[in-house]
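Colleague: Pasting in a structure now, in structure tokens, and then I'll have a few things to ask.
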Amino acid sequence: MEEFHSTFAIKGGIYIKYIWLLLTLVPLPFLVFFVDIVLVDRGIELFYVVAIVAIGLIIVIGGLSSRVFILHVVIANLLTIILSLFLAVSFLVPPNPSWFNPFTMEMVVLLTGIASFIAQLIVRSIFRASRRQSRVTEKQ
Numbered sequence: 001m002e003e004f005h006s007t008f009a010i011k012g013g014i015y016i017k018y019i020w021l022l023l024t025l026v027p028l029p030f031l032v033f034f035v036d037i038v039l040v041d042r043g044i045e046l047f048y049v050v051a052i053v054a055i056g057l058i059i060v061i062g063g064l065s066s067r068v069f070i071l072h073v074v075i076a077n078l079l080t081i082i083l084s085l086f087l088a089v090s091f092l093v094p095p096n097p098s099w100f101n102p103f104t105m106e107m108v109v110l111l112t113g114i115a116s117f118i119a120q121l122i123v124r125s126i127f128r129a130s131r132r133q134s135r136v137t138e139k140q
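Going by full-length UniProt numbering, the sequence shown opens with residue 1, and the numbers climb by one from there.
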């Protein structure tokens, strides 16, 4: 039984880091607009549901990133933004020319990726501060 626990233990948070990497590499900026465009084409307006799911994913990714080096967080988010831009250029077809006004489609996807990254950093800093505070409380 001990062997089972040692196999799946989270020593040093290695599994948390793998889960973080997998979730971070989800091209969220692209998916938000892709799902929105597909749903609007079908007459379904669920943008708020998509936004809530995206915010939830950002909170989870930000929380998990509190155990990851900041350089890795930056690199993974840059890769995600680049992947989102590539996918947007390849697959996004706005239903009308004014869909992304006053910016271009690429700029909107880029700005969404940057906003997502900043939100993840804010959540990450909150989680890290909370962990530090709990360590100080435990020592006392």
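All C-beta atoms, glycine included, are put in the ideal place defined by N, C-alpha and C.
State the Cα-Cα distance for the pair Tyr18 and Leu92, rounded to the nearest angstrom.
Modeller: Using only the alpha carbons, I get a separation of about 29 Å.
Colleague: Please identify the residue among Arg132, Lys139, Thr112 whose C-alpha is closest to the C-alpha of Pro27.
Modeller: It is Thr112 whose Cα lies nearest to the Cα of Pro27.
Colleague: Cα separation between Asn101 and Val108?
Modeller: Cα to Cα, Asn101 sits roughly 9 Å from Val108.
Colleague: Taking only three categories from DSSP, how would you classify Asn77?
Modeller: Asn77 falls in the helix class under three-state DSSP.
Colleague: Provide the residue span of the alpha helix (DSSP H) that contains Trp20, from first to last.
Modeller: Run containing Trp20: 14-24, per the alpha helix (DSSP H) assignment.
Colleague: Using three-state DSSP, classify Glu138 as helix, strand or coil.
Modeller: Residue state, collapsed to three classes: helix.
Colleague: Would DSSP call Ser98 helix, strand or coil?
Modeller: Note: Ser98 maps to coil in three-state DSSP.
Colleague: Which complete alpha helix (DSSP H) runs does the stretch 36-93 hold, if anything under 4 residues is left out?
Modeller: Entirely contained in the stretch 36-93, the alpha helix (DSSP H) runs reaching 4 residues are, in chain order, 47-64, 70-91.
Colleague: Is the number of C-beta pairs between the stretch 112-126 and the stretch 73-83 that are closer than 8 Å three or more?
Modeller: Short answer: they touch.
Colleague: Can you give the Cα-Cα distance for Leu22 and Arg42, rounded to whole angstroms?
Modeller: Cα to Cα, Leu22 sits roughly 30 Å from Arg42.
Colleague: Taking a contact to mean a Cβ-Cβ separation below 8 Å, would you say Phe30 touches Ala88 in this structure?
Modeller: Their beta carbons are under 8 Å apart, which means Phe30 touches Ala88 by this criterion.
Colleague: Verify whether the separation of the beta carbon atoms of Glu106 and Leu83 is less than 8 Å.
Modeller: No.
Colleague: Taking 7 Å as the limit between beta carbons, can you name the residues of its chain near Ser125, skipping five residues before and five after?
Modeller: Here the set comprises nothing.
Colleague: Going by beta-carbon coordinates alone, are Val50 and Pro95 separated by less than 8 Å?
Modeller: Going by C-beta atoms, Val50 is not nearer than 8 Å to Pro95.
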